[in-house]
DNA sequence: CCGTAAGCACACAGGACGGTGTACTTAGCA
DNA sequence: TGCTAAGTACACCGTCCTGTGTGCTTACGG
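Chains as they are written, first to last, in UniProt numbering: chain P, 1 to 203; chain Y, 1 to 203.
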């Protein structure tokens with residue numbers, strides 16, 4: 001019974017205050033930002049007593065870090081594990097984000113916290129590197145000449161689009177996708193016409 | 001004598017508290033962020049009494065807005081008005097930023113303030129549009145087929161590099177510059193070899 | 001040299017914030 | 001049913017924040 005109190009069902013032991021707290025975090029941190037969301041308000045929204053919150057998390061910093069840690073599954077696997085797409089299509093699918101997302105929470109956290117040493121900032125860094133790595137893997141699959149370079153470039157495009165969407169309040173992902181298409185076509189040797197073929201290219 | 005109290009010399013009327021405040025803002029807002037810099041600390045750094053600060057600015061919001069407004073001259077004209085470079089070189093020069101800049105202050109402000117209605121956020125938006133417009137102009141000079149698209153694309157690259165540099169704590173501008181070179185070469189009709197020629201291309 | 005406006009020192013209001021202490025109630029399982 | 005861990009209610013602390021009120025000093029131009 002060491003630490004399995006929070007399984008996927010989360011019904012063991014208690015009534016799931018932790019999940020409610022994290023759910024409220026997801027909503028409020030996105031709507032108002034991290035710094036502008038107080039613990040009082042957060043606990044009220046989660047319908048959790050403040051005392052309980054501080055029994056689950058040693059402080060707001062830890063809550064923020066855990067809040068970030070709960071984003072991976074949907075985003076990362078949701079895009080890169082789609083076997084119905086060619087590698088090239090998968091690379092481009094990373095730019096098909098629903099217009100709901102206000103701003104990549106990792107960027108927002110890193111900017112708001114303003115401390116590179118903060119655990120959440122470090123995690124944001126790790127996450128961004130992981131995304132670039134997955135892009136690199138997919139770029140390699142697609143047959144790119146320099147997959148690392150292409151992965152890094154596409155990652156930069158995604159972050160640029162996210163930032164610009166936020167600052168300008170106007171969807172910048174189509175622009176980024178257009179650049180991505182150019183970069184991919186330039187990086188993949190023209191002889192390998194894998195645009196529409198679902199087959200895996202040998203490496 | 002309507003409003004010329006703050007000329008370049010700034011010696012008229014008093015001893016220049018306003019400029020000292022804005023100078024301290026430039027330093028502290030960049031080093032610590034806007035939200036994490038209190039007015040007390042800022043006034044101490046500026047060697048200005050708090051009372052004086054609030055006689056120059058109705059509130060912190062106005063100070064932040066004015067702080068952003070003081071950035072233009074160096075950045076915008078410093079890059080785009082260089083007549084010693086070809087248009088193409090000028091476009092690429094936008095990516096030669098000194099490694100001192102922590103993060104584009106406009107992005108930082110927009111994210112930190114977290115309110116699109118805030119005057120500073122609106123100004124950040126205007127500024128970003130102005131930069132894109134100048135890039136578009138230069139792209140047109142360089143003979144790009146679709147200068148507006150290229151300008152928007154380069155602006156996205158700059159913001160992506162700025163964001164990524166901040167989040168990853170690693171200079172991303174070379175990557176962005178590499179992408180920019182590809183985009184420029186793709187956008188400019190191959191026949192017009194203006195790479196090294198200082199002459200103005202007719203539009 | 002003197003008046004006026006700029007600036008100063010400093011205390012303080014009023015609120016939001018993160019975080020804690022204490023005594024109580026409930027949920028779930030054996 | 002009764003024990004134990006999870007959750008609750010709520011008052012409270014110290015700190016920091018933006019912003020003000022008041023009375024004083026200084027710089028500078030006429």
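Note that beta-carbon positions come from the ideal geometry of N, C-alpha and C, so glycine has one too.
Query                                                                                                                : Result
Exposure of residue 44 of chain Y, with buried meaning 16 or more beta-carbon neighbours within 10 Å                 : exposed
Alpha helix (DSSP H) segments (min. 4 residues) lying fully within the segment 104-155 of chain Y                    : 105-113 and 119-141
Minimum C-alpha distance to residue 123 of chain P - residue among P/62, P/32 and P/156                              : P/62
Three-state class that DSSP yields for residue 87 of chain Y in the structure shown                                  : helix
Inter-residue CB distance, residue 17 of chain P and residue 48 of chain P (contact presumed, cutoff 8 Å)            : 5 Å
Whole-angstrom C-beta distance between residue 172 of chain Y and residue 154 of chain P, which should lie under 8 Å : The Cβ separation is near 13 Å, so there is no contact.
When P/149, P/176 and P/65 are compared against residue 96 of chain P, the one with the closest alpha-carbon         : P/176
Check whether residue 68 of chain Y and residue 120 of chain Y have beta carbons under 7 Å apart                     : yes
Exposure of residue 100 of chain Y, with buried meaning 16 or more beta-carbon neighbours within 10 Å                : exposed
Proximity of residue 33 of chain P and residue 114 of chain Y at Cβ, strictly below 7 Å                              : yes
CB contact below 7 Å: residue 187 of chain P versus chain Y                                                          : no
Minimum Cβ-Cβ distance from residue 114 of chain P to chain Y less than 7 Å                                          : yes
Pairwise C-alpha distance: residue 85 of chain P and residue 203 of chain Y                                          : Note that residue 203 of chain Y scores a pLDDT of 38, beneath 50, so its modelled location is shaky; the value from the coordinates is reported in the next line. Cα to Cα, the separation comes out at about 43 Å.
Inter-residue spacing [alpha-carbon to alpha-carbon] between residue 35 of chain P and residue 35 of chain Y         : 8 Å
Cutoff 7 Å: residue 60 of chain Y Cβ touching any chain P Cβ                                                         : no
Whether residue 128 of chain P touches residue 111 of chain Y by CB criterion (7 Å)                                  : no
Burial state of residue 38 of chain P (16 or more Cβ within 10 Å)                                                    : exposed
Through-space distance from residue 136 of chain P to residue 183 of chain P, alpha-carbon basis                     : 13 Å
Test: residue 79 of chain Y CB closer than 7 Å to a CB of chain P                                                    : no
Residue-level contact to chain P via CB, residue 136 of chain Y, 7 Å cutoff                                          : no
Short Cβ contact (7 Å threshold) for residue 163 of chain Y with residue 107 of chain P                              : yes
Under 8 Å (Cβ pairs) to chain Y, residues found in the segment 161-174 of chain P                                    : 161, 162, 163, 164, 166, 167, 168, 169 and 172
Helix, strand or coil at residue 186 of chain Y according to DSSP, with G and I counted as helix                     : helix
Euclidean distance between Cα positions of residue 20 of chain Y and residue 53 of chain Y                           : 10 Å
C-beta contact flag for residue 188 of chain P and residue 151 of chain P at 7 Å                                     : no
Chain-ordered neighbours of residue 40 of chain Y on chain P, where CB pairs are closer than 8 Å                     : Under the 8 Å cutoff, chain P gives no residues; its nearest Cβ is about 18 Å from residue 40 of chain Y.
Minimum C-alpha distance to residue 126 of chain Y - residue among Y/71, Y/178, Y/89 and Y/174                       : Y/71
CB contact check: residue 262 of chain P to chain Y, cutoff 7 Å                                                      : No answer is possible for residue 262 of chain P: it lies beyond the span of chain P, which begins at 1 and ends at 203.
Element boundaries [alpha helix (DSSP H), containing residue 21 of chain P]                                          : 17-32
Continuous alpha helix (DSSP H) stretch holding residue 61 of chain P: start and end                                 : 60-69
Endpoints, alpha helix (DSSP H) assigned at residue 51 of chain Y                                                    : 50-56
First and last residue of the uninterrupted alpha helix (DSSP H) at residue 45 of chain Y                            : 39-46
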